[in-house]
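For the record, in the sequence shown the residue sitting at position 140 is 564 according to the working numbering, with numbers rising by one throughout.
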Amino acid sequence: MSSEPAAGQDVEKFTSSFSAEEQRELAKRITTFLSKYRHLMDSFIIEFFTEDLWHTLPNSWQPVLQDLSYPQTADLLLSAHAEKRYPSVWPLSLLAFSATAHALAFPRQCSGTGLLRRPKEFLENHSQSSLLGHIFRKHVKPKKQHEIRKLGMLVKQLCDQTGCRRVVDVGSGQGHLSRFLSFGLGLSVTAVEADHALVAMASKFDEELIWTLEKEKQKKNISSQLSKPYNFPKHVAAWVNPKDSWESFFRQIRTSNYATDGLMTPSQPSKKRLWSFDKQGDSHGPSDCYDYQELSTAQGAESSSGNCCSCTQANSEEAGSSEEIRPEGYPDFLLTGLHACGDLSATLLHHFVHCPHVRGITSVACCYMKISTKENPTPPGLVTPRTPLTDAPDSFPSKFGYPMSSWVEGLQGHQLSYKAREGACHATEDYMRRLRDESQQLRSHCYRAMLESFIRDTKPDLRRAGIQTIKKSHALTFTEYARLGLARVGLPQDLPLDPERVEAMMEQQRRVVVYFSLTMLLAPVVETLVLLDRMIYLQENGVDSQLVPLFNPNFSPRNFVLVAMKPSG
């Protein structure tokens, strides 16, 4: 594994750092390990009392774990780097469990992270990246600033190495990454987003950026006649159907247009503008001009030498166009997706493999619980098309989002439940920080598990009811918390709560936290298996890949980017 690639490195940087045989062997070891602890991986912490989860742990584990302080739990269980000072003799099985979980998971620390909770670019100003030009920070939260800068530079490097200057950004949201790629790095970008409201917002933000640039040109007395055209991103409102073929996806990005109202310059009235896309892959806006080289330097955007996620899926009028595909003469391009949700990341990998025009890909995944599987083909949150598919069933890229590779599909015990995949989305670093700070927020799991017990007493068939987050629950007494929670599941708020029983369960709060920490220890292993399956899928299709921990995990928990490019020719 490798840390963040520096700009300008050789193409060999984006080749697999371990062989196909090593990838397959690691997948086999992970499935064997997770199968052994499936009861822990699939358990729900809200059932701690109703299912007596503590006593499902090995008998030899219980005495040494029940007395751990919160900081000890963080250092002895969850941390792979902290100095281990055990307060008692731990059983070998527990030591082996912890050591194996850390050994099997991909390392998450990126280069230069160290123990910093925030990236260095935010040390002076916690809300403004010192490495990102001010025009790209507007409307962008610090986490997203960090992500678009790092991923943007990686995409630019991959473009340089493949000779492509066109990028298709899928799940582009409000267009923050697309704006940086196009205006900041000079790439030709097509931004694909399912939510029409987000597409409109992205176009609005594009025009705000142009206003800012025009004002700066006026201050510097720069003539528009002497500058190059703006490099506008092209925004496409379209839902990328996981069951559509690459031809359908190709048709979407090639034939779709998006019209928006906008101001041409600060001195001109609003007029209708229609984005167009020529055969060379250049996206053109109005005729206003600006020197790209000066833009990069003036705004602090890095040059090549020097992304929660878009989960909303909606139908698109552009989908299903009957225009004949003539791919010859169409420019090659790269695919990117910053925290593309659920099956969307898997779909982009399929299109990368099969579409002859996609030369490379940078994929940052999230929302693993929304991935479709054979055991759970329609998990909660999965959106299905409202209109008939246009392609024949045999042209579908894949049946499910996991597993993608034939190798993992053939491994015994490869199945990952919804609960296991949901757990893989948790922020381990943030939870360790809470443990070390002995945060009062840690009581929330105990509160919810206690409430589940009282709910089952009253209504046994009501299991794992969706109460959702109760704000500042840690600042409430359990009685106050219970009243709010009971109302959300349709039970009387004055339901009798035995004080002695409440007190007895509260005394087990430390056990609840320790048990949840054990499940958290498995989360990075599950994420590793999902991402490793995708690497093996690419390898099975003749493409090597690299998994890079690009973002600071303390800042952006889903920090891995899968990077791949097709061999020349």
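Ideal placement from N, C-alpha and C gives every residue a C-beta, glycine not left out. Only a predicted model underlies this, so the values are computations on that prediction, with no experimental measurement involved.
Original post:
For residue 986, is the classification buried or exposed, using 16 other Cβ atoms within 10 angstroms of its Cβ as the cut-off for buried?
Top reply: Locating residue 986 in the sequence shown gives position 562, where the first residue counts as 1. That one is buried.
Original post:
What distance in whole Å lies between the Cβ atoms of residue 594 and residue 477, which are believed to be in contact at a cut-off of 8 Å?
Top reply: By 1-based counting over the sequence shown, the position of residue 477 is 53. By 1-based counting over the sequence shown, the position of residue 594 is 170. About 40 Å separates the beta carbon of residue 477 from that of residue 594, a gap too long to meet the 8 Å contact definition.
**OP:** For the stretch 918-937 and the stretch 487-507, state whether three or more C-beta atom pairs, one from each stretch, are separated by less than 8 Å.
**Re:** Touching, yes, given that three or more Cβ pairs across the two stretches are closer than 8 Å.
Subject >> residue 552 (DSSP reduced to helix, strand or coil) >> reply: What you label residue 552 is simply residue 128 of the sequence shown in a count that begins at 1. DSSP places residue 552 in coil when its eight states are reduced to three.
**OP:** Have a look at residue 611 and residue 571 and give me their C-alpha separation to the nearest angstrom.
**Re:** Along the sequence shown, read from residue 1 onward, the residue named residue 611 stands at position 187. Along the sequence shown, read from residue 1 onward, the residue named residue 571 stands at position 147. Spanning the two alpha carbons is a distance of roughly 18 Å.
Original post:
In three-state DSSP terms, what is residue 660?
Top reply: Along the sequence shown, one-based indexing puts residue 660 at 236. In the structure shown, residue 660 adopts extended strand secondary structure according to DSSP, grouped into three states.
Original post:
What does residue 590 pair with, by DSSP beta-bridge criteria?
Top reply: The count along the sequence shown starts at 1 and reaches residue 590 at position 166. Bridge partners of residue 590: 612.
Original post:
Taking just the CA atoms, how far does residue 662 sit from residue 676?
Top reply: If you number the sequence shown from 1, residue 676 lands on position 252. If you number the sequence shown from 1, residue 662 lands on position 238. Inter-residue distance for residue 676 and residue 662 is about 7 Å (C-alpha atoms, whole angstroms).
**OP:** Name the residue from 454, 605 and 877 whose alpha carbon lies nearest to the alpha carbon of residue 886.
**Re:** Here residue 886 corresponds to residue number 462 of the sequence shown, with the count starting at 1. Selected option, being the one with the closest Cα: 877.
Original post:
Near residue 601, what residues of its chain come up, given a Cβ to Cβ distance below 7 Å and the 5 sequence neighbours on each side ignored?
Top reply: Start at 1 with the first residue of the sequence shown, and residue 601 comes out as number 177. Result list for residue 601: 572, 575, 576, 593, 731 and 762, in chain order.
Subject >> Exposed unless 16 or more other CB atoms sit within 10 angstroms - verdict on residue 861 >> reply: Working through the sequence shown from its first residue, we reach residue 861 at position 437. So residue 861 counts as exposed.
**OP:** Tell me, please, which residues DSSP counts as bridged to residue 971.
**Re:** For the purposes of this step, residue 971 is identified with residue 547 of the sequence shown, where counting begins at 1. Residue 971 has 986 as its beta-bridge partners, per DSSP.
Subject >> residue 976 versus residue 596 - alpha carbon distance >> reply: Position 552 of the sequence shown holds residue 976. Position 172 of the sequence shown holds residue 596. The alpha-carbon atoms of residue 976 and residue 596 are separated by roughly 21 Å.
Subject >> Coil, strand or helix - residue 576 by DSSP >> reply: As a first step, residue 576 must be located in the sequence shown, where it is residue number 152. Looking at residue 576 - three-state DSSP - the assignment turns out to be helix.
Subject >> Cβ-Cβ separation, residue 973 to residue 533 (assumed contact under 8 Å), whole Å >> reply: Numbered from 1 along the sequence shown, position 109 holds the residue referred to as residue 533. Numbered from 1 along the sequence shown, position 549 holds the residue referred to as residue 973. Right, the Cβ-Cβ distance comes to about 6 Å (below 8 Å), so this counts as a contact.
Subject >> Contiguous beta strand (DSSP E) assignments of at least 3 residues, all confined to the stretch 760-810 >> reply: At a cut-off of 3 residues, the continuous stretches assigned as beta strand (DSSP E) that sit fully inside the stretch 760-810 are 782-790.
Original post:
Applying the criterion that 16 or more other CB atoms from any shown protein chain within 10 Å of the CB defines a buried residue, is residue 513 buried or exposed?
Top reply: By 1-based counting over the sequence shown, the position of residue 513 is 89. Exposed: under 16 other Cβ atoms inside 10 Å.
**OP:** May I ask you to list the residues that DSSP assigns as paired with residue 617?
**Re:** The residue given as residue 617 occupies position 193 in the sequence shown. Paired residue(s): 661.
Original post:
Taking DSSP as the reference, what is the three-state secondary structure of residue 900?
Top reply: As a working mapping, residue 900 is identified with position 476 in the sequence shown. It is coil, neither helix nor strand.
Original post:
How many whole angstroms separate the CB atoms of residue 619 and residue 657, which I take to be in contact at a CB cut-off of 8 Å?
Top reply: In the sequence shown, counting from the first residue as 1, residue 619 sits at position 195. In the sequence shown, counting from the first residue as 1, residue 657 sits at position 233. That pair is no contact at about 16 Å.
Subject >> As assigned by DSSP and simplified to three states, the class of residue 444 >> reply: Taking the sequence shown and counting its residues from 1, the one referred to as residue 444 is at position 20. Per DSSP, reduced to three states, the secondary structure at residue 444 is helical.
Subject >> Beta-carbon contacts of residue 524 that lie in its chain and below 7 Å, excluding the five residues immediately before and after >> reply: On the sequence shown, position 100 is the one that residue 524 refers to. 457, listed in sequence order.
Original post:
How would you label residue 608, buried or exposed, when you count the other beta carbons within 10 angstroms and need 16 or more for buried?
Top reply: Counting from one through the sequence shown, the residue named residue 608 turns up at place 184. Per the 10 Å Cβ criterion, buried.
Subject >> Buried versus exposed, by CB contacts within 10 Å (16 or more), residue 882 >> reply: Within the sequence shown, residue 882 is the residue found at index 458, counting from 1. Around the CB of residue 882, fewer than 16 other CB atoms lie within 10 Å, so the residue is classed as exposed.
Original post:
Tell me, which residues are paired with residue 757 by DSSP?
Top reply: As a first step, residue 757 must be located in the sequence shown, where it is residue number 333. DSSP output for residue 757 lists 782 as bridge partner(s).
**OP:** Compute the Euclidean distance between the alpha carbons of residue 840 and residue 892, then round it to the nearest angstrom.
**Re:** By 1-based counting over the sequence shown, the position of residue 840 is 416. By 1-based counting over the sequence shown, the position of residue 892 is 468. Going by the C-alpha atoms only, they are around 24 Å apart.
Original post:
Excluding sequence positions up to five away, which residues of its chain have a Cβ less than 7 Å from the Cβ of residue 772?
Top reply: As a first step, residue 772 must be located in the sequence shown, where it is residue number 348. Apart from the 5 residues on each side of it in sequence, residue 772 sits with its Cβ closer than 7 Å to the Cβ of 594, 759, 761, 764, 785 and 787 in its chain, given in chain order.
Original post:
How should residue 581 be labelled, buried or exposed, when 16 other C-beta atoms within 10 angstroms of its C-beta is the threshold for buried?
Top reply: Here residue 581 refers to the residue found at position 157 when the sequence shown is read from its first residue. By the 10 Å Cβ count, residue 581 comes out buried.
Original post:
When DSSP labels each residue in this structure, what does residue 913 get in the three-state scheme?
Top reply: Within the sequence shown, residue 913 is the residue found at index 489, counting from 1. Here residue 913 sits in coil by DSSP.
Subject >> Exposure of residue 825, with buried meaning 16 or more beta-carbon neighbours within 10 Å >> reply: To locate residue 825, count along the sequence shown from 1; it is residue 401. Buried is the call here.
**OP:** Output the residue ranges of the alpha helix (DSSP H) runs that lie fully inside the stretch 856-905 and measure 4 residues or longer, sorted by chain position.
**Re:** Every alpha helix (DSSP H) of 4 residues or more that sits fully in the stretch 856-905 is shown, in chain order, as 867-882.
Original post:
In its own chain, which residues sit with a C-beta less than 7 Å from the C-beta of residue 467, not counting the 5 before and 5 after it?
Top reply: In the sequence shown, residue 467 corresponds to position 43, counting from 1. Non-local C-beta neighbours of residue 467 in its own chain, meaning closer than 7 Å and more than five positions away in sequence, comprise 477 and 943, ordered along the chain.
Original post:
Roughly how many whole angstroms lie between the Cα atoms of residue 858 and residue 504?
Top reply: As a working note, residue 858 is residue 434 in the sequence shown. As a working note, residue 504 is residue 80 in the sequence shown. The straight-line gap from Cα to Cα measures roughly 16 Å.
Subject >> residue 994: first and last residue of the uninterrupted alpha helix (DSSP H) it sits in >> reply: An answer regarding residue 994 cannot be provided, because it is not within the stretch 425 to 993 covered by the chain.
Original post:
Should the stretch 865-874 be regarded as contacting the stretch 893-909, the criterion being three or more beta carbon pairs within less than 8 Å?
Top reply: Yes, the stretch 865-874 touches the stretch 893-909.
Original post:
If you draw a straight line from the alpha carbon of residue 794 to that of residue 969, how long is it in whole angstroms?
Top reply: Stepping through the sequence shown from its first residue, residue 794 is reached at position 370. Stepping through the sequence shown from its first residue, residue 969 is reached at position 545. Straight-line Cα distance between these residues: approximately 24 Å.
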